[in-house]
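First residue of the sequence shown: 6, per my numbering; consecutive thereafter.
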Amino acid sequence: MGKNVKDQIDEIKNISTWKRGSNRAVHKPLLLLLSLAAILRGDERLTSYKNIKEQLEQLLRDFGPPRQSTHPEYPFWRLQNDGEFWEIPEKELAIKARGERIRTGDVPSSVLLDINARGGFRKALYKQLCKEPQTAVDMVKTILEEHFPHSIHLSLLNAVGMPPVPELTSKAKRDPEFRSEVIRLYEHRCAMCGFDGRLGNSDIALEAAHIMWHAHGGPDHPTNGILLCTLHHQALDRGAVGLTNNHHIIVSQHLYGGVQVMNLITGLGGKSLGMPLDPAAIPAANYIEWHRDQVFRDPVRPVSEE
């Protein structure tokens, strides 16, 4: 007897992601976000692998860890192993067509394309989520909180085609003491550009950023924090900027734009990060190295000599 819908929902919330230390594994979470967005838009239950491949490859390039290649076929196929919520009607045909071309358990992308494979949530679960969209919204919130920093949630929701849901873009609850301490240590000033705007008695557009993401075990500790303006916080979390171990700012060659991008971001390359008042709170090398490996988009843009 198959599992009921409630059990299937629990399986999605507890999906098994590939892990090696603190490395990021977002293939399955991104595919689930795509599928949940489709439900909330009222799309059909099954989507062709060809369509999923195109969307997921772009999402992995934009929101996944920096890698030389993407493999959208892995989450598309492997979600079947996480429970009874994901269905590929052409499963047996894919296994037969696979032959001995790849290790047991996976199917090459070329095979999935050749047989026009489709994937999606099982019928009962799909109907339940269509009937109770709040459940789908709750699942989206869980995936976002467990795998991505809040600063990029809105960009990610737009990228997967999520319809407007105010609940998904509300501020996440974080340790207020961490924010207050980081603000104090950096004297209410962005550590990258020096922005120190205030509206009345309140800071404006200044945020306590985690170098190693909170969603991946980064602690609420000053050595894992930097005070940044909203722009440079998002640039850090998207991998457009990063840090060296001697606390110089690096900029990705993948970032491009006009004069304002040069003035606001690329021109920071090679400059020293603003330091906190307390030397004991200087960003720690292990968090910087995690960001460089898991988030920053290599290669580093050369620093122009003027």
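For glycine and all other residues, C-beta sits at the position ideal for the given N, C-alpha and C.
None of these values were measured; they are calculated from a predicted model.
DSSP places H215 in the uninterrupted beta strand (DSSP E) bounded by L211 to H215. Under the three-state reduction of DSSP, E92 is assigned to strand. Our two residues, I44 and H32, have alpha carbons roughly 19 Å apart in a direct line. According to the DSSP assignment, F126 belongs to the beta strand (DSSP E) that extends over R123 to F126. T52 and G125 have their C-alpha atoms some 6 Å from each other. DSSP places G272 in the helix class (H, G or I) of the three-state scheme. Looking at Q299, E59 and L278, the one whose alpha-carbon comes closest to that of G199 is L278. Going by beta carbons, F90 and Q13 fall inside the 8 Å limit.
The stretch 110-165 is shown to contain whole beta strand (DSSP E) runs of 3 or more residues at 123-126, in chain order. Annotation for I57: the continuous alpha helix (DSSP H) segment containing it runs Y54 to F68.
Sorting K136, R184 and P288 by C-alpha distance to the C-alpha of A210 places R184 at the top. A Cβ-Cβ distance of about 7 Å is found for the pair H158 and T174, placing them in contact under the 8 Å criterion. Scanning its chain for C-beta atoms nearer than 6 Å, with the 5 sequence neighbours on each side dropped, one finds around I20 the residues K33 and D87, in chain order. Inclusion of R127 and E92 in the CB contact set at 8 Å is warranted, their separation being smaller than that value. In this model, P181 and W218 are separated by some 16 Å (Cα to Cα). Relative to the Cα of I216, the nearest Cα in the group S207, Q239 and S257 belongs to Q239. For I255, the enclosing beta strand (DSSP E) begins and ends at I254 to V256. Setting aside the 5 residues that flank it on each side, S257 is surrounded in the same chain by G244, A245, V246, G247, F301, R302, D303, P304, V305 and R306, each with a C-beta closer than 8 Å to its C-beta; the list follows chain order. Linking A196 to Y261 through their CA atoms gives a straight-line distance of about 22 Å.
The residue among T249, P94, P168 and L236 with its C-alpha nearest the C-alpha of Q265 is L236. Residue environment: P281 is assigned as buried (16 or more neighbouring CB atoms within 10 Å of its CB, all protein chains considered).
Judged by beta-carbon spacing, T228 lies within the 8 Å limit of I287, meaning their Cβ atoms are closer than that value.
Here G104 is exposed, its C-beta having fewer than 16 other C-beta atoms within 10 Å. Each residue's CA atom was taken as its position, placing D298 and A214 some 17 Å apart.
The three-state secondary structure of D208, taken from DSSP, is strand.
Of the residues T147, V170 and P77, the one whose Cα lies closest to the Cα of L118 is P77. Taking 8 Å as the upper bound for CB-CB distance, L65 and L39 are not in contact here, some 11 Å apart.
Per the DSSP secondary-structure output, G247 pairs in a beta bridge with I255.
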